[in-house]
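Residues in the sequence shown are numbered from 1 upward in steps of one, following UniProt numbering.
Structure record follows, encoded as structure tokens.
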Amino acid sequence: MLRLSTTSKLIRQFSSTSAAQGAKVAVLGAAGGIGQPLSLLLKTNPNVSKLNLYDIVNCPGVAADLSHINTASEVTGFSPENNGLDKALEGMDYVVIPAGVPRKPGMTRDDLFDTNAGIVKLLAQASARVCPTAKLLIISNPVNSLLPIAAQVYQDCGVFDPKKLIGVTTLDLLRASRFAYEITGKVEFVPVVGGHAGTTIVPLYSQATGLKLSPEEMAKLIYRTQFGGDEVVQAKAGKGSATLSMAYAGARMTDSMIRAANGEEVIECAYISDNQYSSQGVNFFASLLKFNKDGVQEILSLPSNISQIEKDAIATALPQIASAANKGIAFAKK
Ligand code: NAI
1 MLRLSTTSKL IRQFSSTSAA QGAKVAVLGA AGGIGQPLSL LLKTNPNVSK LNLYDIVNCP
61 GVAADLSHIN TASEVTGFSP ENNGLDKALE GMDYVVIPAG VPRKPGMTRD DLFDTNAGIV
121 KLLAQASARV CPTAKLLIIS NPVNSLLPIA AQVYQDCGVF DPKKLIGVTT LDLLRASRFA
181 YEITGKVEFV PVVGGHAGTT IVPLYSQATG LKLSPEEMAK LIYRTQFGGD EVVQAKAGKG
241 SATLSMAYAG ARMTDSMIRA ANGEEVIECA YISDNQYSSQ GVNFFASLLK FNKDGVQEIL
301 SLPSNISQIE KDAIATALPQ IASAANKGIA FAKK
């Protein structure tokens, strides 16, 4: 029999998560390597009241499993049959997309384009039609091309609001923060700007306090952050890319946007439609962003004290981002 103190603790836990006004979140690709742990983390988030899970396979099982966790949110699983995608999207405030194939050793994120572009286009079309004001978080790769696809789809449907569409780069921030911690012993927010592929990823280690490195050591650390995903792909040896750390990153970004919608001041980095480099033909960029209830409230200026190596890295990233984004837009317009 449960002791009274344990019982009341459980009841407290349940009632603290019974916010009827909580966020309604759909996860598309919820049965995958990222989708499952991401859905688990969202199920434990007290600010989420409804969790709609959609995948082309195995989703009812994942939803039934998570629905037994004693937090207040309602979990429902949807399959493509009986218009399941539209039903999963109805009334949602947030749509998080980890649907699509992951990398195998030797692949770049761009090698996923042919498969994942079509998947994300289809899912973005459905979101734009069914829940056009929901915030859309794209995890699927290549993010540098797929967020522009979603933006173009929303534009074509006449519902584009750049404040609401983001490409999730949070895993790059986790890596930068963790790699700095391994040197300084301090957990810090290290901004990462640019894009989300190889040398488009620009960690701003100049913003980490106490990180005193030679130029060679700094170049190595930046390289490790840019290609940190490859460490996981190689270690998994053909069984996919980062899933658990990505689920944690996706849950953090979703939670950050929900907390901002609830009135908290939140700063994160994410890849969005951004015109600060439009004179160079670049219309998407991951910046430091302030969020509010509408999504992105403000694109913050880069810190004035970023290093020359970081400025050079941004200059290297810009043409690559432009080319990846243009590829996505051309695909969306087809
Ligand atoms: P996975 O293969 O384990 O899962 C993908 C899921 O998507 C599968 O369950 C599959 O059935 C589902 N799916 C496929 N087509 C679908 C459709 N039309 N509608 C709904 N669901 C569909 O792959 P994993 O490891 O979960 O990775 C997913 C994506 O996330 C990949 O593109 C990967 O490259 C990307 N990724 C992004 C990161 C980032 O930092 N933004 C980090 C790591 C991975």
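All residues carry an ideal CB built from backbone N, CA and C; glycine is no exception.
In terms of side-chain proximity, the C-beta atom of ARG224 is found no nearer than 7 Å to any non-hydrogen atom of ligand 1.
In the DSSP annotation of this structure, the continuous segment of the beta strand (DSSP E) that includes GLN297 starts and ends at 295–299. Per DSSP, reduced to three states, the secondary structure at GLY118 is helical.
In the displayed model, VAL282 falls within coil according to three-state DSSP, outside both helix and strand. At a cut-off of 7 Å, the beta-carbon of THR243 counts as near ligand 1: some heavy atom of the ligand is closer than that. Just so you know, the alpha carbons of ALA63 and GLU188 end up roughly 35 Å apart. TYR277 sits in coil when the DSSP states are folded into three classes, being neither helix nor strand.
Between the C-alpha atoms of CYS131 and GLU90 there is a straight-line separation of about 6 Å.
By the beta-carbon neighbour count (other beta carbons within 10 angstroms, threshold 16), GLY295 is buried. Taking C-beta atoms as the reference points, LEU85 and GLY100 fail to come closer than 8 Å. Secondary structure of SER287 (DSSP, three-state): strand. In this structure, the CA atom of LEU41 is about 34 Å from the CA atom of ILE306. Under the three-pair Cβ rule at 8 Å, the segment 70–85 counts as touching the segment 50–61.
The bridge partners DSSP lists for ASN52 are ALA26 and THR76.
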